[in-house]
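Below is one structure, written out as structure tokens; comments come after it.
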Amino acid sequence: MATILVAQAATDLDLTSLNASTTCNDTCKDLVLRVSSWEKSQSASNFSFYEVPTNFSETMEPGIVLSLERTTNLTNYTVPTPLTMSRMMYTTEDLNGTIIPASAYILWPSSPLEVPDPDSSSSTHLPLVAWAHGTSGGLAPCAPSNYRNLQYHFQVPYLLALQGYVVVAPDYAGLGVAKLPNGDNIGHPWAAAPAHANDVANAIIAARNAFPEYLRPVGPFAAMGHSQGAAATRKAIEDHEANKTQLWTNTFLSLQPSLAKGITAAYPAFNLSGLTDAGRDRWVNVQEAVQGCLPTKGVSGLGIPLGQLVYHNWTEQPAVLDFEKRTAVGRNPFKGPLLIAAGDKDSVVDFKNMEVNVRDTCGMLQGAGVQESLEFLEYTGQNHFPVIQASQGKWLGWIRDRIFSTANVSYGCKFGTVRGFQREEAINSVFPNFLVEVAGPGEGWKYSL
Numbered sequence: 001m002a003t004i005l006v007a008q009a010a011t012d013l014d015l016t017s018l019n020a021s022t023t024c025n026d027t028c029k030d031l032v033l034r035v036s037s038w039e040k041s042q043s044a045s046n047f048s049f050y051e052v053p054t055n056f057s058e059t060m061e062p063g064i065v066l067s068l069e070r071t072t073n074l075t076n077y078t079v080p081t082p083l084t085m086s087r088m089m090y091t092t093e094d095l096n097g098t099i100i101p102a103s104a105y106i107l108w109p110s111s112p113l114e115v116p117d118p119d120s121s122s123s124t125h126l127p128l129v130a131w132a133h134g135t136s137g138g139l140a141p142c143a144p145s146n147y148r149n150l151q152y153h154f155q156v157p158y159l160l161a162l163q164g165y166v167v168v169a170p171d172y173a174g175l176g177v178a179k180l181p182n183g184d185n186i187g188h189p190w191a192a193a194p195a196h197a198n199d200v201a202n203a204i205i206a207a208r209n210a211f212p213e214y215l216r217p218v219g220p221f222a223a224m225g226h227s228q229g230a231a232a233t234r235k236a237i238e239d240h241e242a243n244k245t246q247l248w249t250n251t252f253l254s255l256q257p258s259l260a261k262g263i264t265a266a267y268p269a270f271n272l273s274g275l276t277d278a279g280r281d282r283w284v285n286v287q288e289a290v291q292g293c294l295p296t297k298g299v300s301g302l303g304i305p306l307g308q309l310v311y312h313n314w315t316e317q318p319a320v321l322d323f324e325k326r327t328a329v330g331r332n333p334f335k336g337p338l339l340i341a342a343g344d345k346d347s348v349v350d351f352k353n354m355e356v357n358v359r360d361t362c363g364m365l366q367g368a369g370v371q372e373s374l375e376f377l378e379y380t381g382q383n384h385f386p387v388i389q390a391s392q393g394k395w396l397g398w399i400r401d402r403i404f405s406t407a408n409v410s411y412g413c414k415f416g417t418v419r420g421f422q423r424e425e426a427i428n429s430v431f432p433n434f435l436v437e438v439a440g441p442g443e444g445w446k447y448s449l
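At position 391 of the sequence shown the residue is numbered 391 (UniProt numbering), and the sequence of numbers has no breaks.
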């Protein structure tokens, strides 16, 4: 069955453009086809859900539900059997304030926690956690809501729902929903934290509008994010005035073409101008040709030194500088409390740069006399994804304490270090070292192991 899925997926690829690549040789093309075909085998359904209704209008308010799948068929998902799921399309705002459609999923717990309502001694409500995912890709097929394992599976969303929380998780604009009814494309503005923050905030509003019988229209919630989603979450609690931090300019070299694509989504005239001929070839004739997501991105640049994918000093172009100014995160007032867990061996996000940013933010708060709570924890020996599970006990307890208002409020900044136990014996990798898979027909016996 898996072989059939791969073969079927491969027929949807733009092999003409891929074959036209002048920098990706036969070995490169074979690998890209293999990886992108596997990606497509991980889709849980066809993409009809992401077609925008004709009644969509840019004059709508953000947070309006455009379409709702109250009960998603989970046959092809790996969502744990006690849980249920919904998907929705809703209105949000892009970086320029234009109303656009986006999609999100909602995971429903089987045994939800009950949080006492502050204005009633007898009623309760379901606790809500907004989950902002890390980079999944930059094209339409890369929506976590259509991945069998919702991208972060047991690392975050499954875990939160199994703990009793309602999980509201946006895909971000341009992922899943990528075309307006008039045919105009919706690009994914990768690294545009304010736009992703809008997607998070408006997904919460839309979920509350869609399910008023379960979710309170107002009230506290927790928001959590990783990588791209961490920036979105942090921006969601900040004032949206422009600042001058440069967190993203040190972005992982292999992701710089994604950044150029993200800037082009916000500034169409930029038109990938930061990419060299080789970089443009690998993006247009390889990555876009097969509609690849993050796994394909990891192999689509092979054979070319990373520094040769973009022009030297391309980030000095006016459009890039303006994008940087508008999307920067940190050194701003925010509405806390805020917990930041970071691995000092992170290969994707520069740890020292992040720490300086946080300390500058704390200095700004102190100088302005702002009373907020910020805790920054360094997890020694932890890389980009492993830090999620290394810090799991901390953030699960932190969320519960805030949801139930049992935490002692402590204003100011607190810095700490969690030293990894037997780190020298543990596996150190950027990505997780496990997969969540689905057994094929007649292979249900695999689930007993």
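A virtual CB, placed ideally from N, CA and C, is assigned to each residue, including glycine.
Predicted model only: the values in this text are computed from it and were never measured.
query, result
"In DSSP terms, what residue 475 is bridged to", "Because residue 475 is not part of the residues shown, which for the chain are 1 to 449, the question remains open."
"C-beta contact flag for residue 418 and residue 153 at 9 Å", "no"
"Check whether residue 221 and residue 263 have beta carbons under 9 Å apart", "no"
"DSSP three-state assignment for residue 453, whether helix, strand or coil", "There is simply no residue 453 to check, as the chain begins at 1 and stops at 449 in what is shown."
"Proximal residues to residue 237 (C-beta, below 6 Å), its chain only, five neighbours per side dropped", "334, 335"
"Rounded separation between residue 347 and residue 205 - CA only", "34 Å"
"Same chain only: Cβ atoms within 7 Å of residue 300, ignoring 5 sequence neighbours per side", "32, 282, 286, 287, 292"
"Chain-order list of residues whose beta-carbon lies under 6 Å from that of residue 197 (same chain, five-residue window excluded)", "232, 235, 236"
"Sequence-distant residues of its chain with Cβ nearer than 7 Å to residue 210 (five each side left out)", "65, 68, 88"
"Span separating the alpha-carbon of residue 466 from that of residue 134", "Outside the displayed range of the chain (1 to 449) lies residue 466, so it cannot be described from this structure."
"Those runs of the alpha helix (DSSP H) which lie wholly inside the stretch 297–341 and span at least 4 residues", "318–327"
"Cutoff 7 Å; reference residue 157; Cβ partners in own chain excluding five residues on either side", "107, 131, 150, 167, 169"
"Member of 138, 94, 75, 104 whose CA lies at the smallest distance from the CA of residue 298", "138"
"Nearest-angstrom Cα separation, counted from residue 370 out to residue 392", "29 Å"
"CA-to-CA distance, residue 331 to residue 439, given in whole angstroms", "47 Å"
"Residue burial classification, residue 92 (beta-carbon count within 10 angstroms, cutoff 16)", "buried"
"Whether residue 363 touches residue 390 by CB criterion (9 Å)", "no"
"Between the CA atoms of residue 30 and residue 57 - distance to the nearest angstrom", "42 Å"
"Close Cβ partners of residue 338 (< 8 Å) along its chain, the five nearest in sequence each way excluded", "234, 237, 372, 373, 374, 375"
"Within 9 Å, strictly: CB atoms of residue 43 and residue 146", "yes"
"Where residue 66 sits in the DSSP three-state scheme", "strand"
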